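Those letters in the sequence shown? Residues 498 to 865, by our numbering.
Reading through the structure tokens given below for one structure.
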Amino acid sequence: MKVRSLWRKKNYRPLSFLKHFGWRVRSDNKLNLSLGRGRPGIVLGLPAITDSVSGEPVSPELWGEIQLCWDQDNRQFSLHIPYISRCIFSTGEAVTAIDEGIINPMALATWVDEQTIDVTIINGREARAIKRQRNKATGRLQSKMSKTKNGSRKHRLVAATKRTKGKTRLQLRDFDHQVTRKAANHVIAHKTGRLVAGDVRGIEQKTKQKRRMGRHGRQQLSQWSRGVQERYLAEKTGLDIDCLNESGSTKTCPACGARNWPSGRDYRCKVCNFTCHRDAVGAINILQEAIHGDYVPIGADVVIRVTYLRDEKRWSPVQRNAHRMVQCRKAITPSSAKNQASAETSCKPKLANSSTSSLERVPLVAVA
Ligand SMILES: [Zn+2]
């Protein structure tokens, strides 16, 4: 029997041009894209790029690896030029406290004026779902692998594990960036000069010896990407994060100082009937500790404004639109558009979610 591996015709492939080696600006102010030694390169007029945040022009020194792609919306070739943009860092005097958790990765609290505290709680249930799915899938594959005998095709299972892990790794990276972007927006909007977080370093270590939680809880604790999120937030705001002792911060009532043992997500004080979200209570207590050195009760008439945010679905509106267009085209010509569509979508690199880099799409007009 004649057997062949899966094969698909790719109509369009993005071409990459590295900085210094792949592309360079010629002395006559033209952009040269090298196609290798002995071949003439592609010479184009130098595209003008403006920073999407500040609106200033970006000089070619800040450009990175250029990709020549097929723009499926406009049906023409385009250059994708990533560049390092100027970050907007937080400047001001305010103090923002962060309470970190597994269910809600970050809860941020800041005093707006004498009578108001702004709290932003960012939900992280989607990351838990992704991690749970990955753990179940890899567990299944692992148990299959343990039953294999000599000469079996174990490599297929190894490959499947790698595939699952690689996919979720990217999803979780995106999630961490989304969470920290929203946290950084809170920090910058409230003119924060000092960032304080509860000290939970090392909580994920030696969980078995310390008999902390059950085995599922321990797994969640080990897979908590708290350190990465702190690093991303520090990069996005330009501030260093101070650590404070956070013991009892979720138990102490911020209104009267009594200790309660909350169950679930809601906090209710048995002494003064103060009610609030549990993570907001933690953040407010850390905030008071950062300012006063202890859990000083806030006044009874202080208004706590709580905002809930969640990370967004995987696709950006641009990606979703593009997908819809492909689906429409598929419906018209089901056989021919299929290969084309999959090849086209692979041309578009995912937009960087980080604050430090941006991507500009320049339509390719003249090819000299
Ligand atoms: Zn109370």
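Ideal Cβ positions, reconstructed from N, Cα and C, are used throughout, including at glycine.
All of these numbers come straight from a predicted model, not from anything done at the bench.
Same chain only: Cβ atoms within 6 angstroms of R759, ignoring 5 sequence neighbours per side: Position 262 of the sequence shown, counting from 1, holds the residue named residue 759. The sequence given here places Pro at residue 759; Arg does not occur at that position. Excluding sequence neighbours, P759 sits near R775.
For V768, verify whether its CB is less than 8 angstroms away from any heavy atom of ligand 1. Counted from its first residue, the sequence shown places residue 768 at position 271. Under cutoff, so the answer is yes.
Is R761 close to ligand 1? I mean its beta-carbon at under 8 angstroms from any heavy atom of the ligand. The sequence position of residue 761 within the sequence shown is 264, counting from 1. The sequence given here has Gly at residue 761, not Arg. Checking the Cβ of G761 against ligand 1 gives no.
Measure the beta-carbon distance from T749 to N782 and round it to whole angstroms, keeping in mind my assumption that it falls under 8 angstroms. Indexing the sequence shown from 1 puts residue 749 at position 252. Indexing the sequence shown from 1 puts residue 782 at position 285. Rounded, the Cβ-Cβ distance is 6 angstroms, consistent with contact.
Here's a check: name, in chain order, each residue in its chain whose Cβ is nearer than 6 angstroms to the Cβ of Q837, leaving out the five neighbours to either side. Taking the sequence shown and counting its residues from 1, the one referred to as residue 837 is at position 340. Note that Q837 has pLDDT 46, beneath the 50 cutoff, so the model's placement of it is unreliable and no number is given.
Quick check: the Cα distance between K506 and Q573, rounded to an integer number of angstroms? The residue you call residue 506 lines up with position 9 of the sequence shown. The residue you call residue 573 lines up with position 76 of the sequence shown. Approximately 19 angstroms, taken between the alpha carbons.
Closest Cα partner of A657 within the set L667, T613, K516, M642: Counting from one through the sequence shown, the residue named residue 657 turns up at place 160. Per the Cα distances, M642.
C-alpha distance - Q716 paired with G779, whole-angstrom precision: Here the question's residue 716 lines up with position 219 in the sequence shown. Here the question's residue 779 lines up with position 282 in the sequence shown. C-alpha of Q716 to C-alpha of G779: approximately 23 angstroms in a straight line.
Smallest Cα separation from R536: which of I546, G519, R807? The residue labelled residue 536 in the question sits at position 39 within the sequence shown. Checking every option, the nearest Cα to that of R536 belongs to G519.
Indicate the three-state DSSP secondary structure (helix, strand or coil) for E786 in the structure shown. By one-based count along the sequence shown, residue 786 stands at place 289. Here E786 sits in helix by DSSP.
Give the DSSP-derived three-state secondary structure of M822 in the structure shown. One-based indexing of the sequence shown puts residue 822 at position 325. If DSSP states are grouped into helix, strand and coil, M822 belongs with the helices.
I'd like to check one pair, I595 with L576: are the Cβ atoms closer than 9 angstroms? Within the sequence shown, numbered from 1, the residue matching residue 576 stands at position 79. Within the sequence shown, numbered from 1, the residue matching residue 595 stands at position 98. Going by C-beta atoms, L576 is not nearer than 9 angstroms to I595.
Terminal residues of the continuous alpha helix (DSSP H) containing R666? Walking along the sequence shown from the start, residue 666 turns up at place 169. Element bounds for R666: 651 to 686.
Measuring from the CB of C773, is there a heavy atom of ligand 1 at a distance below 8 angstroms? In the sequence shown, the residue the question calls residue 773 occupies position 276. Within the chosen limit of 8 angstroms, ligand 1 does not reach the beta carbon of C773 with any heavy atom.
Contact defined as beta carbons within less than 8 angstroms: I believe K628 pairs with Q720. What is the distance between those atoms, to the nearest angstrom? The residue you call residue 628 lines up with position 131 of the sequence shown. The residue you call residue 720 lines up with position 223 of the sequence shown. Indeed, because the Cβ distance is near 5 angstroms, the residues count as touching under 8 angstroms.
Give me the Cα-Cα distance between K516 and W560, rounded to the nearest whole angstrom. Stepping through the sequence shown from its first residue, residue 516 is reached at position 19. Stepping through the sequence shown from its first residue, residue 560 is reached at position 63. Near 8 angstroms, if we compare the C-alpha coordinates of W560 and K516.
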